[in-house]
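Trainee: Take a look at the following structure, please.
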């Protein structure tokens with residue numbers, strides 16, 4: 147009778163499973179530390195389910211721009227499961243020790259997704275077994291509350307179990323360092339190295355660890371401290387507008403996530419009496435049943451449709467939506483024609499920054515932070531107010547957090563990404579929907595008193611500083627074949643770039659992987675490109691008819707897709 151190992155070898159020869167995947171399968175089949183999974187792995191081999199084995203083992207889930215994130219599964223290196231969560235926590239603990247933290251506090255939080263609480267407890271017991279004092283939230287919380295807690299409670303690290311806006315099938319592990327931001331180099335590579343060396347992972351019984359004081363629960367006192375820190379941003383940023391009463395007819399939806407416990411209390415305490423919560427999406431629902439397509443991403447126009455319908459019927463003038471872990475904010479409002487439209491992250495960032503710059507005299511060391519794929523209009527706004535902007539950061543809010551640490555928090559005004567992530571204030575080191583919603587509501591209230599909306603404000607900015615049109619497009623490609631297609635597309639664009647876009651000619655490309663700027667169409671290197679390093683291409687056209695076009699292309703760090711970001715900028719208002 148043919149052995150399991152022989153069947154696996156035969157499948158490799160027959161091309162039913164690739165060598166790398168087979169090597170990962172073999173480890174889970176033979177490693178004594180993985181015996182709890184070996185029977186299920188052997189059963190899949192013996193039943194010839196090699197397509198399923200490839201799905202489960204085609205990669206080791208990487209640490210991307212949002213930590214480790216992916217589809218949940220019963221086992222395998224390519225899914226979020228008990229083993230990959232435990233080894234992530236083990237890797238973090240080992241790297242903390244290698245970095246000189248033999249003890250200390252680690253905060254742990256989770257969202258409302260399937261298995262999030264289970265994975266949070268597994269993380270807590272693993273960290274406690276390594277000798278760390280674990281501060282675990284007693285229920286689901288917003289991701290920025292975790293970032294705040296790391297700083298507020300002087301933790302050496304933090305973890306939140308969440309997959310943000312991904313589909314219901316997904317979950318993830320986000321690791322935070324002592325500054326309250328997600329891990330950056332060299333710590334990300336250090337954790338990955340420790341994960342790769344994971345064998346037997348220590349653990350404890352959860353109830354015993356809690357009884358011994360090795361796991362301590364965090365409760366409402368941290369929520370209150372976080373809420374007050376958010377409310378304090380109104381004073382430090384001078385965002386309060388003198389409109390009373392604060393009766394803004396608006397609708398808020400947490401999209402079945404945690405926003406009701408982090409954003410709504412801030413708005414209520416700030417005095418907003420007219421903002422109501424969308425009842426259909428108010429309660430946590432791990433399947434996001436009432437969200438269109440069950441995809442709770444407030445970047446998507448479709449996500450807003452049920453709430454807009456309700457807001458229009460109720461005579462409300464603004465809809466705000468947070469993604470399930472309440473770190474990002476999307477908004478929709480009627481334009482001058484009365485048509486409801488969803489703002490992009492770039493558009494809302496423009497409105498928020500304009501308001502901040504206009505409503506306070508900022509010190510000489512003031513600065514704004516954003517990424518390479520965010521609207522160029524932010525630079526124009528900053529220049530008009532003589533405020534420094536750093537707009538060459540990589541995608542991922544952890545890079546904005548890292549730059550705050552490098553420069554110091556004193557002059558920080560605003561940080562943002564095009565993907566609806568914003569931060570005002572320095573109480574945490576991650577994007578937070580709560581201060582963004584508060585600032586948006588303040589601006590909307592001021593405009594509502596003038597019978598205007600956020601779109602009127604954006605129109606005024608465009609008239610003063612020039613129009614910027616944009617588009618974003620993502621192409622999804624899942625699994626090992628998808629990764630190959632994405633890599634092939636980046637190779638084609640890097641080595642055989644296009645020469646024209648309509649009537650515009652591509653003039654040059656900035657390649658952040660090879661660190662060079664190349665002329666087009668000759669494709670000759672003309673000058674070096676300094677850091678940062680990323681698999682990112684930025685194409686630029688010649689200016690024609692007072693319009694310059696930029697196109698950025700990069701593989702996503704959190705989802706199986708390649709992303710395109712386009713900007714057409716009017717070079718003169």
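In the numbering used here, the protein residues as written are 147 to 719. All C-beta atoms, glycine included, are put in the ideal place defined by N, C-alpha and C.
1) Counting only runs of 4+ residues fully inside the region 539-581, write out the alpha helix (DSSP H) ranges in chain order.
2) Closest by CA to residue 491, which one among 691, 279, 618 and 194?
3) For residue 659 versus residue 639, is the C-beta distance shorter than 9 Å?
4) Could you say which of 515, 589, 530 and 196 lies nearest to residue 557 if we only look at CA atoms?
5) For residue 713, list the residues DSSP reports as bridge partners.
6) What do you get for residue 705, buried or exposed, if any count of 16 or more other CB atoms within 10 angstroms of its CB means buried?
7) How about residue 333: is its Cβ closer than 8 Å to a heavy atom in the ligand NAD?
8) By the DSSP assignment, the alpha helix (DSSP H) with residue 363 in it spans what residues?
9) To the nearest angstrom, how far is it from the Cα of residue 272 to the Cα of residue 328?
10) What's the gap between the Cα of residue 209 and the Cα of residue 464?
11) Which residue from 342, 693, 380 and 536 puts its Cα closest to that of residue 614?
12) Rounded to whole angstroms, what's the CA-CA distance from residue 316 to residue 239? Just pull it up for me.
13) Please give me, in chain order, every unbroken run of the beta strand (DSSP E) with length at least 3 that falls completely inside the region 381-439.
14) Confirm, please, whether the CB-CB distance from residue 344 to residue 237 is below 9 Å.
15) State the beta-bridge partners of residue 490 as determined by DSSP.
16) Over the uninterrupted alpha helix (DSSP H) stretch that includes residue 215, give me the two end residues.
17) Our contact map puts residue 158 next to residue 168 with C-beta atoms below 8 Å; I'd like the distance itself, whole angstroms only.
18) The alpha helix (DSSP H) spanning residue 236 covers which residue range?
19) Please work out which residues of its chain come closer than 7 Å, Cβ to Cβ, to residue 313, disregarding the five sequence neighbours upstream and downstream, and give them in chain order.
20) What did DSSP end up calling residue 608 once you bin it into helix, strand or coil?
21) Is it buried or exposed, residue 563, if we count other Cβ atoms within 10 angstroms and call 16 or more buried?
22) Using a threshold of 9 Å, state whether the C-beta atoms of residue 311 and residue 375 are closer than that.
23) Quick check on residue 504: buried or exposed, where buried means 16 or more other Cβ atoms within 10 Å of its Cβ?
24) Counting along the chain, where does the beta strand (DSSP E) carrying residue 663 start and finish?
25) Quick check: what's the CA-CA separation for residue 262 versus residue 484?
26) Our contact map puts residue 473 next to residue 576 with C-beta atoms below 8 Å; I'd like the distance itself, whole angstroms only.
27) Once DSSP output is grouped into helix, strand and coil, what is the label at residue 247?
28) Check residue 646 in the structure and name its three-state DSSP category.
29) Are three or more beta carbon pairs between the region 536-546 and the region 283-300 nearer than 8 Å?
30) For residue 354, report the span of its alpha helix (DSSP H) as first-last.
31) Quick one: measure Cβ to Cβ for residue 430 and residue 403, integer angstroms, because I've assumed they're closer than 8 Å.
32) What is the DSSP secondary structure of residue 652, reduced to helix, strand or coil?
33) What does the alpha-carbon distance come out to for the pair residue 642 and residue 447?
34) Rounded to whole angstroms, what's the CA-CA distance from residue 522 to residue 499? Just pull it up for me.
35) Comparing C-alpha positions only, which one of 232, 355, 256 and 717 sits nearest to residue 268?
36) Report the option in 196, 301 and 215 whose CA atom is closest to the CA atom of residue 242.
Mentor: So, from the listed chains and residues:
1) Segments of the alpha helix (DSSP H) lying fully in the region 539-581: 543-553.
2) 618
3) no
4) 515
5) Bridge partners of residue 713: 616 and 696.
6) Only buried fits residue 705, as 16 or more other CB atoms lie within 10 angstroms of its CB.
7) This structure does not include the ligand NAD; it has no bound ligands of any sort.
8) Per DSSP, residue 363 belongs to no alpha helix (DSSP H); it is in the beta strand (DSSP E), 361-364.
9) 19 Å
10) 36 Å
11) 693
12) 24 Å
13) 396-399 and 421-423
14) yes
15) Beta-bridge pairing links residue 490 to no other residue.
16) Residue 215 -> not in any alpha helix (DSSP H); beta strand (DSSP E) instead, spanning 214-217.
17) 5 Å
18) 228-244
19) Leaving aside the five residues that flank residue 313 on each side, the residues in its chain whose CB is nearer than 7 Å to its CB run, in chain order, 440 and 441.
20) helix
21) buried
22) No. Outside cutoff.
23) Burial call: exposed.
24) 662-665
25) The straight-line gap from Cα to Cα measures roughly 41 Å.
26) 6 Å
27) coil
28) strand
29) No, they do not touch.
30) 352-357
31) 7 Å
32) In the structure shown, residue 652 sits in a strand (DSSP, three-state: E or B).
33) 34 Å
34) 13 Å
35) 232
36) 301
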